[in-house]
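To convert, note that position 178 of the sequence shown is 177 in numbering that gives the first Met the number 0; the numbers rise steadily by one, no gaps. Quick reminder that beta carbons are idealized off the backbone N, C-alpha and C, glycines included. Treat the numbers as computed from the prediction; the structure is a model and nothing was measured. Below: one structure, written as structure tokens.
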Amino acid sequence: MAATGMRPRSLPRRVARRLLETLGLRTPDTSRDVDYAAWAARVEPRAGELQRLAARAARGGPLISVVMPVYNPDMTHLREAVASVQAQAYPHWQLCLCNDASTDPAVAPFLDALAAAEPRVRLQHRLHNGGIGLASADAAALADGEFLALLDQDDRLPAWALAFVARALADRPDTDLLYTDEDKFDDSGRRHSPHFKPAFNPELLAAINYVGHLLVVRRSLYVAVDGFRGGFDGAQDYDLVLRCTAAITPDRIAHLPAVLYHWRAHAGSTARDAGRKPYAQAAGVAALTAIHGAADATVAEGPLPTSYRVVRPRANPPPRVTVMIPTRDGGAHLQKCLDSLLGRTAYPRMELLILDNQSRDPRTLRLLERAGRREGVQVLAYDHPFNYSAINNFGARHAQGEVLVLLNDDIVVRGNDWLDQMLAALMLPGVGVVGAKLHYPDGRVQHGGVVLGIGGVAGHAHKYFPRRHAGYFGRLALPQAVSAVTGACLMVRRETYEALGGLDEQHLAVAFNDVDFCLRVRERGLRCVWTPYAELTHLESASRGDDETGERHRRFQREAVYMKRRWASELREDPFYSPYLTLRREDFSLGETPPGYLSRLTAGAR
0 MAATGMRPRS
10 LPRRVARRLL
20 ETLGLRTPDT
30 SRDVDYAAWA
40 ARVEPRAGEL
50 QRLAARAARG
60 GPLISVVMPV
70 YNPDMTHLRE
80 AVASVQAQAY
90 PHWQLCLCND
100 ASTDPAVAPF
110 LDALAAAEPR
120 VRLQHRLHNG
130 GIGLASADAA
140 ALADGEFLAL
150 LDQDDRLPAW
160 ALAFVARALA
170 DRPDTDLLYT
180 DEDKFDDSGR
190 RHSPHFKPAF
200 NPELLAAINY
210 VGHLLVVRRS
220 LYVAVDGFRG
230 GFDGAQDYDL
240 VLRCTAAITP
250 DRIAHLPAVL
260 YHWRAHAGST
270 ARDAGRKPYA
280 QAAGVAALTA
290 IHGAADATVA
300 EGPLPTSYRV
310 VRPRANPPPR
320 VTVMIPTRDG
330 GAHLQKCLDS
340 LLGRTAYPRM
350 ELLILDNQSR
360 DPRTLRLLER
370 AGRREGVQVL
380 AYDHPFNYSA
390 INNFGARHAQ
400 GEVLVLLNDD
410 IVVRGNDWLD
420 QMLAALMLPG
430 VGVVGAKLHY
440 PDGRVQHGGV
450 VLGIGGVAGH
460 AHKYFPRRHA
470 GYFGRLALPQ
480 AVSAVTGACL
490 MVRRETYEAL
500 GGLDEQHLAV
510 AFNDVDFCLR
520 VRERGLRCVW
530 TPYAELTHLE
540 SASRGDDETG
550 ERHRRFQREA
560 VYMKRRWASE
570 LREDPFYSPY
580 LTLRREDFSL
590 GETPPGYLSR
600 LTAGAR
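Next comes the structure, spelled out in structure tokens:
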């Protein structure tokens with residue numbers, strides 16, 4: 000989106016980049032990430048800030064009970080985990096330990112000595128091993144705190160973790176469930192693989208336990224949902240999160256964007272290999288089935304380890320869907336689009352509106368004439384200057400369907416169930432817009448949802464990634480809520496489209512009208528969802544050419560300025576991205592931290 004200059008005796012960067020992409024020589028390069036260890040050392044609290052945090056925390060705050068089940072741990076790892084709690088700058092904590100009948104003779108004496116020396120430690124020894132779910136329940140039963148924080152026996156908390164949590168709870172006192180970012184550390188202590196998470200994302204949570212660590216739950220909510228339970232070992236935290244989030248409204252769920260949990264990646268741990276505990280997958284399926292399973296829905300294993308897929312059948316009767324395709328002299332790519340739509344789509348109630356914007360090409364005119372004679376296809380003439388928003392609004396006024404699909408004329412359908420997959424997402428409560436996974440002709444990803452702020456306005460997530468790449472922590476392989484999706488393939492209920500007045504044809508004739516529309520959908524309290532299960536090929540910009548020269552470039556700049564003015568606060572911080580990830584590229588690599596971002600959490604500690 001930025002202007003590109005020329006190098007002496009070389010191609011423009013933009014042209015060179017596209018040439019390399021066409022040849023398949025450029026792949027996503029996450030090695031360009033900022034060095035994580037150096038980044039963490041620069042942005043996380045130093046000794047002086049910790050002292051100020053401790054001084055502020057001493058003035059009061061909720062009691063936080065750290066819940067830890069224990070069973071035959073590596074004793075060095077257990078000591079480090081306990082020490083990380085004792086080192087907290089926040090003093091109002093309690094450590095609740097349940098020894099699940101460990102057979103290692105060193106465990107019980109260590110825990111007994113700890114409980115005798117530290118009055119904030121509560122301890123229970125089980126007589127019989129009950130598994131991690133029941134041991135976690137027994138540990139939680141010892142808690143007196145207003146909030147429970149979950150810690151595994153071999154992991155660690157940074158010294159500021161509970162102070163940050165307490166500050167976030169004070170800022171949002173209605174919070175019932177809070178989760179934070181996390182990273183991993185190896186046997187040498189090297190931290191790596193930071194996971195910067197999105198705001199509460201119900202579609203993603205139904206596909207994987209992205210919430211992970213650190214998880215903090217109000218104890219009254221924990222009690223209300225009956226807490227930990229047996230039979231879900233390996234997915235006991237996921238089972239708890241699913242029941243808690245189902246019992247409360249999203250405004251009572253908070254994501255604290257700070258790395259407040261260090262997950263030990265050692266031989267045999269799921270931190271190193273999620274597939275090492277296959278029973279966890281079955282437990283996750285059972286937990287999801289208890290929430291989402293019904294006569295009309297089934298839960299299956301997902302495409303990644305410990306991921307899941309909730310499968311819902313087609314509605315009966317199926318809603319009528321109108322697919323609207325603007326075109327102008329579409330020629331060969333329009334032919335491919337129509338052939339794939341009509342030849343591959345299995346959905347039974349599809350209406351096709353071809354919106355012809357002053358085509359003059361003889362081949363296109365013959366194609367339109369033939370298409371107009373086919374059942375379920377209608378060609379409508381839009382005899383005005385090109386305005387993508389106005390053309391689609393014109394089509395919507397003539398559509399008969401209950402559901403509308405905006406589709407570029409350079410889209411080719413890959414599978415026969417693409418409409419079914421998008422509809423399954425759209426029919427979920429609270430969903431207003433659905434987008435698909437789009438590929439370039441060579442198979443690389445063109446669209447994996449839209450991230451706000453990239454390039455100043457918005458960019459496509461995971462652009463240029465290989466077709467089967469899992470993406471950032473699985474987010475290229477799993478359904479999820481996003482801030483926006485591309486209008487190249489966008490599904491929406493007709494009533495929603497009409498209630499919003501359609502696309503903005505006054506200010507956004509060509510660019511960003513889809514992003515603006517999705518943001519207006521979200522203003523109404525509805526979610527935008529992207530699904531990887533609807534896959535299509537997109538010959539990007541074939542229908543309107545290059546926006547980087549002449550009048551097109553000037554119009555693009557005007558529309559970008561409008562977006563920055565209209566959606567200034569939203570573009571500054573995408574809730575489904577992270578302030579720690581780059582806005583210079585679309586690859587989810589680590590970026591420079593916004594100045595003073597973490598200082599929000601230490602403000603007031605001075």
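{"Check": "So Gly-452 and Leu-570 are in contact, right, with Cβ under 8 Å, and what is the actual spacing, rounded?", "Outcome": "5 Å"}
{"Check": "Roughly how many angstroms lie between the CA atoms of Arg-474 and Pro-108, to the nearest whole one?", "Outcome": "44 Å"}
{"Check": "Where does Gln-87 sit, in a helix, a strand or coil, going by DSSP?", "Outcome": "coil"}
{"Check": "Out of Ala-370, Asn-356 and His-397, which one is the CA nearest neighbour of Asp-382?", "Outcome": "Asn-356"}
{"Check": "Run the CB neighbour count on Gly-470, radius 10 Å, all protein chains shown included, and call it buried at 16 or more, exposed below.", "Outcome": "buried"}
{"Check": "Verify whether the separation of the beta carbon atoms of His-261 and Ile-410 is less than 8 Å.", "Outcome": "no"}
{"Check": "Of all the beta strand (DSSP E) runs that stay within the bounds of the segment 417-503, which reach a length of 3 or more residues?", "Outcome": "430-438, 444-446, 449-451, 457-459, 479-481 and 488-492"}
{"Check": "Give the list of continuous beta strand (DSSP E) stretches no shorter than 3 residues that lie fully inside the segment 113-140.", "Outcome": "120-124"}
{"Check": "What residues match up with Leu-262 in a beta bridge as DSSP calls it?", "Outcome": "As written in the sequence, residue 262 is Trp, which differs from the Leu given in the question. Lys-183."}
{"Check": "Report yes if the C-beta distance between Ala-105 and Met-74 is below 8 Å; otherwise report no.", "Outcome": "yes"}
{"Check": "So Arg-369 is in the alpha helix (DSSP H); what residue range does that whole segment cover?", "Outcome": "361-371"}
{"Check": "Does the segment 81-99 come into contact with the segment 134-143, if we say contact requires no fewer than three beta-carbon pairs (one atom in each stretch) closer than 8 Å?", "Outcome": "yes"}
{"Check": "Can you pull the DSSP bridge partners for Leu-406?", "Outcome": "Cys-488"}
{"Check": "Which value, in whole angstroms, describes the spacing of the CA atoms of Gln-123 and Ala-134?", "Outcome": "9 Å"}
{"Check": "Given this structure, state the Cα-to-Cα distance separating Leu-576 from Arg-78, to the nearest angstrom.", "Outcome": "Position check: residue 576 holds Tyr in this sequence, whereas Leu was assumed. The straight-line gap from Cα to Cα measures roughly 35 Å."}
{"Check": "Which whole-angstrom value is the C-beta distance of Val-481 and Val-456, which I expect to be below 8 Å?", "Outcome": "Incorrect: roughly 15 Å between the Cβ atoms, too far for contact."}
{"Check": "Can Ala-483 and Cys-517 be called in contact, C-beta distance under 8 Å?", "Outcome": "yes"}
{"Check": "Tell whether a beta-carbon distance below 8 Å holds between Pro-531 and Lys-462.", "Outcome": "no"}
{"Check": "Between Gly-132 and Ile-324, what straight-line distance do the alpha-carbon atoms span, to the nearest angstrom?", "Outcome": "53 Å"}
{"Check": "Do you know how far the Cα of Tyr-307 is from the Cα of Leu-597?", "Outcome": "33 Å"}
{"Check": "Report all residues from its chain with a CB closer than 7 Å to the CB of Phe-464; omit the five preceding and five following residues, and keep chain order.", "Outcome": "Pro-27, Arg-443, Val-444, Gly-470 and Leu-475"}
{"Check": "Would you check if the distance between the CB atom of Ser-83 and the CB atom of Arg-155 is smaller than 8 Å?", "Outcome": "yes"}
{"Check": "Check the DSSP bridge columns for Ile-63 and list the partner residues they point to.", "Outcome": "Trp-92 and Phe-146"}
{"Check": "Given a cut-off of 8 Å on the beta-carbon distance, is the pair Cys-312 and Asp-295 in contact?", "Outcome": "In the sequence under discussion, the amino acid at residue 312 is Pro, which differs from the Cys named in the question. It is a contact, given that the beta carbons lie within the stated cut-off."}
{"Check": "Applying the criterion that 16 or more other CB atoms from any shown protein chain within 10 Å of the CB defines a buried residue, is Glu-374 buried or exposed?", "Outcome": "exposed"}
{"Check": "Applying the criterion that 16 or more other CB atoms from any shown protein chain within 10 Å of the CB defines a buried residue, is His-438 buried or exposed?", "Outcome": "buried"}
{"Check": "Once DSSP output is grouped into helix, strand and coil, what is the label at Val-514?", "Outcome": "helix"}
{"Check": "What does Ala-296 pair with, by DSSP beta-bridge criteria?", "Outcome": "Ala-293"}
{"Check": "Pro-68 by DSSP, collapsed to three states: which one?", "Outcome": "strand"}
{"Check": "Under three-state DSSP, which class holds Gln-377?", "Outcome": "strand"}
{"Check": "For Ala-160, tell me which candidate among Ala-136, Asp-137, Leu-214 and Leu-204 has the shortest Cα-Cα distance.", "Outcome": "Leu-214"}
{"Check": "If you check the beta carbons only, do Ile-353 and Ala-370 fall under 8 Å apart?", "Outcome": "yes"}
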